[in-house]
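Count the sequence shown with my numbering and you get residues 113 to 239, in order.
No residue lacks a Cβ here, since even glycine has one placed at the ideal position from N, Cα and C.
Each remark here refers to the structure printed beneath this line.
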Amino acid sequence: ITAADLMLQLATAKKQDRLESYIKRSVMAPKLLVIDEIGYLPFGREEANLFFNVIAKRYEHGSVIVTSNLPFSQWSTAFADDQTLTAALLDRLLHHAHIVQIAGNSYRLRGKKAAGIVPVTNQQNNE
Numbered sequence: 113i114t115a116a117d118l119m120l121q122l123a124t125a126k127k128q129d130r131l132e133s134y135i136k137r138s139v140m141a142p143k144l145l146v147i148d149e150i151g152y153l154p155f156g157r158e159e160a161n162l163f164f165n166v167i168a169k170r171y172e173h174g175s176v177i178v179t180s181n182l183p184f185s186q187w188s189t190a191f192a193d194d195q196t197l198t199a200a201l202l203d204r205l206l207h208h209a210h211i212v213q214i215a216g217n218s219y220r221l222r223g224k225k226a227a228g229i230v231p232v233t234n235q236q237n238n239e
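Structure, rendered in structure tokens:
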């Protein structure tokens, strides 16, 4: 699930007074929760708190995979510029974590670059 979709579902469940049942069913039940695109769209204060609750509840209770294009040092920009919340979130997320850094050109765009549809940057020319 993308982070934006997860936040939308959590916010909807909260408004409908179903947050705890949603978290139990959709956040806690899976053995592995995969959250894609952290930081692609920044969270407001309430969304940041909801996301923190997801990570806090899963901490040491279930595996989580997250993807992001942001380095950890910039994650607070995605979480309402709340450095305290971000530090607590990363503390739980990175404890026992295996970090996989992937570098290189976009896999999705490689065919388009070869066809000349997407312009090649100077950095890509040097690789």
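Which of the three DSSP states is assigned to residue i in this structure?
i	result
LEU202	helix
ASN238	Note that ASN238 scores 48 on pLDDT, short of 50, meaning its location in the model is unreliable; the coordinates nonetheless yield the value given after this. Residue state, collapsed to three classes: coil.
ILE135	helix
LEU221	coil
ILE229	coil
VAL166	helix
GLN213	coil
Taking all protein chains shown into account, decide if residue i is buried (16 or more other Cβ within 10 angstroms of its Cβ) or exposed.
i	result
GLU239	Residue placement at GLU239 is flagged as unreliable, the pLDDT there being 48, under the threshold of 50; the coordinate-derived value follows with that caveat. Counting Cβ neighbours within 10 Å, GLU239 comes out exposed, since fewer than 16 surround it.
ASP117	exposed
Does the Cβ-Cβ distance between residue i and residue j come in under 8 Å?
i	j	result
THR189	ILE150	no
LEU246	PHE164	In the structure displayed, the chain extends from 113 to 239; residue 246 sits before or after that span and is not available.
ARG220	ALA168	no
DSSP has residue i in a bridge; who is on the other side?
i	result
PHE191	PHE155
LEU144	SER175
ILE150	SER180
Starting from residue i and walking both ways along the beta strand (DSSP E), at which residues does that stretch end?
i	result
THR179	175-180
Using a Cβ-based criterion (distance less than 7 Å to any ligand heavy atom), does residue i qualify as near the ligand MN?
i	result
ALA226	Ligands are entirely absent from the displayed structure, and the ligand MN is therefore not among its contents.
How far does the alpha helix (DSSP H) with residue i in it extend, from its first residue to its last?
i	result
ASP117	115-127
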